[in-house]
Amino acid sequence: MAAALVAHKPLAAITADDLAAAGAADAAALHSAVRSALGAGAGAGGEPAAVWAELSRGALRTEVPFAVHRMLYYGCYAGSPSTAPPAWSPDPEEAALTNVGRVLEARGRELIGEAYKDPVTSFRDFHKFSNENPEAYWKMVFEEMGITFSVEPSCILRDSDGYPGVEWLPGAVLNAAANCLTAKPGRNSGDVAIVWRDEGKDSEPLNFVTLEELRKKVCLVANALDALDLEKGSAIAIDMPMNVNAVVIYLAVVLAGCIVVSIADSFAAPAISTRLKISEAKAIFTQDCILRDDKELPLYSRVVEAKAPMAIVIPARGSTPIKGLRADDLSWQDFLAKADHTKADIYTAVEQPAYQFSNILFSSGTTGEPKAIPWTHLTPLKAAADGWCHMDIRRGDVVAWPTNLGWMMGPWLVYASLLNGASMALYNGSPNSSGFAKFVQDAKVTMLGVVPSIVRTWKNTDCTAGFDWSTIRCFSSTGEASSVEDYLWLMGRACYKPVIEYCGGTEIGGAFVTGSLLQPQALSAFSTPAMGCNMFILDSNGNPLPQDSAGIGELALDPTLFGSSTTLLNADHDEVYFSGMPQWNEKVLRRHGDEFERTADGYYRAHGRADDTMNLGGIKVSSIEIERICNRVNDAILETAAIGVPPVGGGPEQLTIAVVYKDQSPQAEDLNQLKLMFNSALKRLNPLFKVSSVVVVPSLPRTASNKVMRRVLRKEFTQAKPSKI
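528 is the number of the first residue of the sequence shown in the numbering used here; add one for each residue after it.
Structure below.
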């Protein structure tokens, strides 16, 4: 970033002609605004961040071409030594209205002591407080969110040999879904829980589900589940788009004391089958098909091909009868008819011990088989607490995040919205469209979650043009590395609201590093570890660097992190996360697997996986899984290595296949054909995976024990532009 800043014209040197050449319609007026901002910045000590704040909050409206936004942003910081110049800075008055700001204004001196000044100045002290006083911090957060327990915990946390780190909320009994279905303080059962719209009906009024209507729908499904006579604690899969029915089913399964098995609706039959077998699912909810862009994509047939257990099949179009079901499968209507309709909208939640499983999700490891990660009834509290603190999700807010229950952000959205008394906004269609952009406007979304690939599509197609996103208070981004310019463009769509980068994992239930509305936010960077989290960057010898020093290395986490996993269904949890890790404060640190940098400015940047797992389009996948498929594509191939390579300028990892041939190298046209063959074969693993380039190498670098050193290839392909197709 610093090198890029040097190359741009300083703001004071930009002329009206420059602005006109970049597309500004009224270049003279805009140039006058630039001069005024420079004057205001001079009054603030000449700080570039103050000048940029003045410009971004006033002159740079959405109709101004992005080339102008870009010119002025880089002009503000031209010549700056900063590697992470702020794209947004908090306003003190607005900061005091945030969830954290409100608490600090009321209780700052009580919590932090005489050192407390104001929410912005004292945020780092508050983060330190969350780590040094977890009893007080988490008690306060649970009270703020209105979390209820049928049996209160004996304490917030305690040392225990049976748990990595500590045991949280010992003795507590609760039901996470039941907590979602009760009105929070200041809210009532008539408030909106879900706002939604179907693709293709973009001019029609929005649809709403109140909290009371949601409760009744969930109770009906929970009663029908009981009629299936499955044992309490049974695993029940969900493989369908994230719509109102999916949310209802998810909450009903948890309310009834069963365990959701999360399966992404993009998966092919083999991946569905693997997850059903690992979880030992007893039933599955699915749809007959998925409707996208006027197309019908088969789903039930994939579930059948996966040899799934009993399926409850929901029609994608209203109440259209579904034909051709297997003998033991049920239509949605027949399933609901099993409930006792004399008490269908009443259900007593199955209260559970805090560490009882509520959800099984999957994340790829380096063995080729996905890790089965159980969420407990505590994990949702971590997700919601992150939303309360870092995304500032308030009662009455509207939260949208295009996702699926097969990925952790699906359950995260449910809990972060409902446990904070907010509404979730669901669009039944592609987010890469003007229809979705209009939905964000009409639903008055206040927090919009994204992944970088969606933002890139919006920017390239300009499908958000003309829509008013001014109700958005912040964006949040996760899943993959983001691009500085794409996210500068994104902020400009909502009058320069911040992007809260959010990085964690399924096994954490949320983030370990993120941002805050009480801190300046830089593009494609993280401003703080998550509340209640200590994170460490390990040096080349595997030892933690001093926490406030700049450096780069493999990331490790304090094992006491609230909400993090304690077991895996199909792997040794201790071996995966703790074996061989250094100690800190007499506790073994928790492995995460990402390589991270702490900059001299105090920001954090992600540098991809330190192991052999890649992140493709927000989906973690083992290199081995991809290589097994690619090795069989052509008999001339000796072996392959799958590498996730970040593009020049930042952004999501791109899949590069290094190929070693048995004999001589092929011609360029053969490599073109090979890339097509790889992409065709990988559709069986996941239709979203796409090979960006094929690189021929004479051999793969290996360790003394013959393990492929993919990190060496990643570094080589990142630093140079090899001959490739």
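In this text, a Cβ means the ideal position worked out from N, Cα and C, and glycines have one as well.
Same chain, Cβ closer than 6 Å to residue i, neighbours up to 5 away in sequence not counted
i, result
"ALA551", "LEU557, VAL595"
"THR894", "A caution first: THR894 carries a pLDDT of 47, below 50, which makes its placement in the model unreliable, though a value can still be read off. If we look at THR894 and ignore the five residues flanking it on each side, it has no Cβ neighbours."
"ALA751", "PHE862, LEU863, LYS865, ALA866"
"PRO1228", "MET1236, VAL1239"
"GLY1144", "SER980, LEU1215"
"THR906", "GLY1036, GLY1090"
"ASP545", "none"
"THR542", "none"
For residue i, the first and last residue of its enclosing beta strand (DSSP E)
i, result
"THR499", "Any property of residue 499 remains undetermined from this structure, which presents the chain solely from 528 to 1252."
"ARG724", "719-725"
"PRO613", "613-615"
"MET1141", "1140-1143"
"VAL788", "786-789"
"ALA1083", "1078-1084"
"GLN1181", "1181-1188"
"MET767", "Taken as a continuous stretch (DSSP letters only), MET767 belongs to no beta strand (DSSP E), as it is neither H nor E."
Spatial neighbours of residue i in its chain, beta-carbon cut-off 8 Å, leaving aside the 5 residues before and after
i, result
"ASP1101", "PRO691"
"GLY892", "The predicted position of GLY892 is uncertain, since its pLDDT is 45 and thus under 50; no value can be drawn from it."
"ARG629", "ALA623"
"LEU1165", "VAL1187, TYR1188, LYS1189"
"ALA567", "ALA577, VAL578, GLU581"
"ASP995", "GLN968"
Nonlocal neighbours in the same chain, by C-beta distance under 7 Å from residue i, ignoring five residues either side
i, result
"PHE656", "LEU638, ILE639, TYR664"
"PRO1173", "ALA1008, GLY1135, GLU1180, THR1245"
"ALA911", "MET672, TYR942, ALA943, LEU946, ASN947"
"GLU823", "CYS816"
"LYS971", "VAL925, THR998"
"ALA1231", "Note that ALA1231 scores 48 on pLDDT, short of 50, meaning its location in the model is unreliable and no value can be drawn from it."
"ALA539", "LEU565"
"THR984", "ASN959"
"SER687", "VAL693, GLU694"
"ASP820", "SER957"
"ILE776", "VAL748, ILE765, PHE812"
Contact under 8 Å by Cβ, residue i with residue j
i, j, result
"LEU1182", "PHE1216", "yes"
"ALA871", "ALA833", "no"
"VAL693", "THR1126", "no"
"SER957", "ILE1035", "no"
"MET1062", "LEU1084", "yes"
"MET769", "ALA810", "no"
"SER1051", "GLY1177", "yes"
"SER609", "LEU631", "no"
"ILE1027", "GLY1042", "yes"
"ALA773", "ILE763", "no"
"CYS1001", "ASP919", "yes"
Continuous alpha helix (DSSP H) stretch holding residue i: start and end
i, result
"PRO575", "575-583"
"PHE1244", "1237-1246"
"LEU945", "936-945"
"VAL1026", "Where VAL1026 is concerned, there is no enclosing alpha helix (DSSP H), although the beta strand (DSSP E) it sits in stretches over 1026-1028."
"ASP544", "543-548"
"SER1150", "1150-1157"
"GLY1037", "Careful: GLY1037 lies outside any alpha helix (DSSP H), inside the beta strand (DSSP E) at 1037-1041."
"ASP913", "906-916"
"TYR1104", "1100-1104"
"ILE776", "771-782"
Below-8 Å beta-carbon distance, residue i vs any chain B residue
i, result
"ASN931", "Here chain B cannot be found, since the structure has a single protein chain."
Contact test: residue i Cβ vs the ligand PLP heavy atom, cutoff 7 Å
i, result
"PHE884", "Ligands displayed in this structure: none; no statement on the ligand PLP is therefore possible."
* To do: Would you list, in sequence order, the uninterrupted alpha helix (DSSP H) runs of no fewer than 4 residues that lie entirely inside the segment 948-1023?
  => 961-969, 979-988, 1011-1019
* **Touching by the beta-carbon criterion (3+ pairs, under 8 Å), the segment 726-746 and the segment 841-858** => no
* Asked: Within the chosen definition, does the segment 1059-1074 reach the segment 1149-1163 through at least 3 CB pairs nearer than 8 Å?
  -> The segment 1059-1074 vs the segment 1149-1163: no contact.
* Inside the segment 852-897 only - beta strand (DSSP E) runs reaching at least 3 residues -> Secondary structure in the segment 852-897: the beta strand (DSSP E) runs of 3 residues or longer, each lying completely within the stretch, are 884-891 in chain order.
* **Given 8 Å, three or more beta-carbon pairs between the segment 975-983 and the segment 1107-1121** => no
* Asked: How about the segment 898-908 and the segment 1013-1025: do they share at least three Cβ pairs that are nearer than 8 Å?
  -> no
* Contact between the segment 771-789 and the segment 864-871: three or more CB pairs below 8 Å? -> With a cut-off of 8 Å, the segment 864-871 and the segment 771-789 do not count as touching, because too few Cβ pairs lie within range.
* Count the C-beta pairs between the segment 585-602 and the segment 1025-1033 that are closer than 8 Å, then say yes if the count reaches three, no if not. => The segment 585-602 is not in contact with the segment 1025-1033.
* In chain order, which continuous runs of the alpha helix (DSSP H) of length 4 or greater are located wholly inside the segment 797-855? -> Qualifying alpha helix (DSSP H) stretches, in chain order: 827-832.
* Asked: With contact counted as at least three CB pairs below 8 Å, one residue from each stretch, are the segment 578-596 and the segment 608-618 in contact?
  -> yes
* Asked: Three or more C-beta pairs closer than 8 Å, one from the segment 1075-1083 and one from the segment 1119-1128: is that the case here?
  -> yes
* Determine, using beta-carbon pairs with one atom in the segment 996-1011 and one in the segment 870-878, whether at least three such pairs fall under 8 Å. => No, they do not touch.
* Can you give, in chain order, each stretch of the beta strand (DSSP E) that sits fully within the segment 597-668 and has at least 3 residues? -> 613-615
* Is the segment 713-733 close to the segment 946-965, with three or more CB pairs under 8 Å? -> yes
* To do: May I have a chain-ordered list of the beta strand (DSSP E) segments no shorter than 3 residues that lie completely inside the segment 673-737?
  => 719-725, 734-737
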